[in-house]
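Peer 1:
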Amino acid sequence: MLQPFDSIASSLNQTMTILVIVSVLLAIVILYNLTNINVAERIRELSTIKVLGFHNNEVTLYIYRETIVLSLVGIVLGLVAGFYLHQFLIQMISPATILFYPQVGWEVYVIPVATVSIILTLLGFFVNYYLRKVDMLEALKSVE
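In terms of full-length UniProt numbering, the sequence shown opens at residue 1 and continues consecutively.
Listed below in C-alpha cells is the structure:
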C-alpha cells in the first residue's frame, strides 16, 4: 500500500533536484551575463577612472555595485513570489489522497540567498581579474 506513495515521493525528490540544479545554473548564467554586459558597455568609462588613479578594487566595486543591488532586489522579490507560489501550488496540485505539509522551514529561504551570495562573490573575483587584465589605454583609444 505504501509502494505508490514511495514512488511518488521519490519522483518528486528527483524532480526537485533537477529544478534546483537548473536554477543554480540559470543564476550563474544570468549574473554572469549581467556583469559582462555591464563591463562591456562601460569599458571606456572604466578606463577613464582607472587612468585617473582609481585602484583595481575601486574600479571593480564601481562596476559591481549595480550587480549587487539588482541581485538583492531579485532575492527579495524572488523570496516573496516563491512564498506565495508555494502556497498556491500546494493548494492546486495536491491530490486528495496525499496531504502535503504546507509550511517550509527557514532553510528554504536561507539556502537560495546563500547560493546567490556565493555566486556573486565568485563573479566578483572574476570581474576583478578581468578588469585587471584589460589594457585601459587601448580601451580609451578604441572608437565606438
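Glycine included, each C-beta is placed from N, C-alpha and C at the ideal position. Treat the numbers as computed from the prediction; the structure is a model and nothing was measured.
Residues in the same chain with beta-carbon distance under 8 Å from R42, minus the five sequence neighbours each way, listed in chain order, please.
Peer 2: I63.
Peer 1: Anyone know if the C-beta pair for N57 and N128 falls short of 8 Å?
Peer 2: Yes, these two residues count as a Cβ contact at 8 Å.
Peer 1: Tell me whether the beta-carbon of T67 lies closer than 8 Å to the beta-carbon of L34.
Peer 2: Contact: yes.
Peer 1: At what residues does the alpha helix (DSSP H) containing Q103 begin and finish?
Peer 2: Careful: Q103 lies outside any alpha helix (DSSP H) and carries neither H nor E.
Peer 1: Alpha carbon to alpha carbon, what distance is there between V113 and W106?
Peer 2: Roughly 11 Å between the two C-alpha positions.
Peer 1: Taking all protein chains shown into account, decide if L85 is buried (16 or more other Cβ within 10 angstroms of its Cβ) or exposed.
Peer 2: So L85 ends up on the exposed side.
Peer 1: Assuming V24 and T115 are in contact, meaning their beta carbons sit under 8 Å apart, how far apart are those beta carbons, in whole angstroms?
Peer 2: Confirmed, Cβ separation roughly 6 Å.
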